[in-house]
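S.K.: I'd like to ask some things about the structure below.
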Amino acid sequence: MAALNRAWFALVTVFVAATINFFLFRVMPGNAVSALRCRSCTPQLRQALLERYGLDEPLPVQFVRYLAQLARGDLGISLATGKPVWQAIIGPLVNTLPMLVAGTLIALILGVVSGVVSAWRRGTVLDSASQWTGLACYAMPTQWIGLLVVFYVAAAVGLPAVGIQSATLDVLGEPSTWDLLVDRTQHLILPALTLGIGCYGQYAIVVRSAMLETLGEDYILTARAKGLRDWTIVRRHAFGNAMLPLVTIVALSAGSIVAGAIVVEDVFSYPGIGFAAVDAINKRDYPVLQGIFLLLTVAVVVANLVADLIYVRLDPRIAHGRLAAR
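In structure tokens form, the structure reads like this:
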């Protein structure tokens, strides 16, 4: 029953987001046809384009057709290219996903290590340095972090700081799969590092707080009374329970991670989903914008569902509590 309730709530959330998604772009001044193609066209051609894309119909009619298309898995037709929205989204999405995964992993590794060490060495210089570094990264705008990474890291190690692929690969001929993989990985490092640094501060703060709270539990005191070493206590007894709040924070911050990825793509001219969204905004390409934001909404909702399942896995007391409450 609990799983069905969570699934039902997720569907309602997606529906509400899709509704807001539809009306949000249509309350803006102007229309897609005037922004795209009809700055100098005749009124007859403008009317024909409006009818072609169904923009001349009342909003309720457009909304019902929009929901019917979503039910069939159809995101519509791009007003800018005349092609299905999926074709406009899938390429940038494939480019963005590796950066999101790599950036999140970097943030988790840095956050967990920093938070655990900080709690383990509470009150020391290492603890203070870790806290201040985490707070600084958490408060610093992503654009600044990206610029610092470009100025210092890129210059020091010689990694590419623009685009997703070197232009020389195409000039020299068709590259091999290995050469393409290496080149794209090199272009991925700096954006992923920027995204990871921007997100890790929040994770470090949460892990440190949860670890300190866990280290004060009775079973930790019992383990110390048995003569176990501090690092053994942290690794075997405290670490797992301290990770529970982190799972929640990672799920709740999925939206901000995606927003950070959009900013990172702008800094590094990375042709991902953020670039596609900005381009669609400039062209008032409503179907592409709706598809992008709906896709991001579904991703955040799924992330929260997965986090809920992981939370129950890490702490079986939650599942037992739900069963007892029935």
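Per the numbering used here, the very first residue in the sequence shown carries number 2; after that it's consecutive. Glycine included, each C-beta is placed from N, C-alpha and C at the ideal position.
#1: Using a threshold of 8 Å, state whether the C-beta atoms of Ser79 and Asp280 are closer than that.
#2: From this set, Val268, Gly112, Ala18, which residue's C-alpha is nearest Tyr139's C-alpha?
#3: How long is the line joining the alpha carbons of Ala325 and Arg237, rounded to whole angstroms?
#4: Quick check on DSSP: helix, strand or coil for Pro176?
#5: By the DSSP assignment, the alpha helix (DSSP H) with Lys284 in it spans what residues?
#6: Provide the residue span of the alpha helix (DSSP H) that contains Val235, from first to last.
#7: Using only the alpha-carbon positions, how far apart do Leu148 and Ile107 sit?
#8: In whole angstroms, what is the alpha-carbon distance linking Asn6 and Pro246?
#9: Assuming contact is defined by CB atoms lying nearer than 8 Å, are Ala262 and Gly273 in contact in what I supplied?
#10: With distance defined between alpha-carbon atoms, name the residue in Pro59, Ile190, Arg209, Ala277 nearest to Val28.
#11: For Gln291 and Gly135, what's the separation of their Cα atoms in angstroms?
#12: Pick helix, strand or coil for Pro59, following the three-state DSSP scheme.
#13: Starting from the C-beta of His321, find all residues in its chain whose C-beta is less than 8 Å away, skip the five residues before and the five after it, and write them out in chain order.
#14: Out of Val268, Phe16, Val17, Arg209, point me to the one whose CA is closest to Gly124's CA.
#15: Suppose only complete runs of 4+ residues qualify. What are the alpha helix (DSSP H) ranges in the region 152 to 211, listed by chain order?
#16: Between which two residues does the alpha helix (DSSP H) holding Val248 run?
#17: If I follow the unbroken alpha helix (DSSP H) through Ser119, where does it start and stop?
#18: Output the distance between the C-alpha atoms of Val86 and Pro288, rounded to the nearest integer angstrom.
#19: Between which two residues does the alpha helix (DSSP H) holding Thr125 run?
M.R.: Put simply:
#1: In this structure, the beta-carbon distance from Ser79 to Asp280 does not fall below 8 Å.
#2: Cα-wise, what sits closest to Tyr139 is Gly112.
#3: Legend: pLDDT at Ala325 = 46, less than 50; position of this residue unreliable, no value from coordinates given.
#4: In the structure shown, Pro176 adopts coil according to DSSP, grouped into three states.
#5: Where Lys284 is concerned, the enclosing alpha helix (DSSP H) stretches over 274 to 284.
#6: Segment: none, Val235 is in no alpha helix (DSSP H) and carries neither H nor E.
#7: Rounded to whole angstroms, the separation of the alpha carbons of Ile107 and Leu148 is 18 Å.
#8: About 22 Å.
#9: Yes, they are a contact pair.
#10: Closest option to Val28, Cα to Cα, is Pro59.
#11: When only Cα atoms are considered, Gln291 and Gly135 end up about 35 Å apart.
#12: Secondary structure of Pro59 (DSSP, three-state): coil.
#13: Annotation note: pLDDT 46 at His321 (below 50); position unreliable, coordinate value reported separately. Cβ within range, chain order: n/a, list empty.
#14: Comparing Cα-Cα distances from Gly124 to each of Val268, Phe16, Val17, Arg209, the minimum goes to Arg209.
#15: DSSP runs (the alpha helix (DSSP H)) wholly in the region 152 to 211: 168 to 172.
#16: Val248 -> alpha helix (DSSP H) spans 245 to 253.
#17: In the DSSP assignment, Ser119 falls within the alpha helix (DSSP H) that extends over 86 to 121.
#18: So the alpha carbons of these two residues sit roughly 7 Å apart.
#19: Unbroken run through Thr125: none, as it is neither H nor E.
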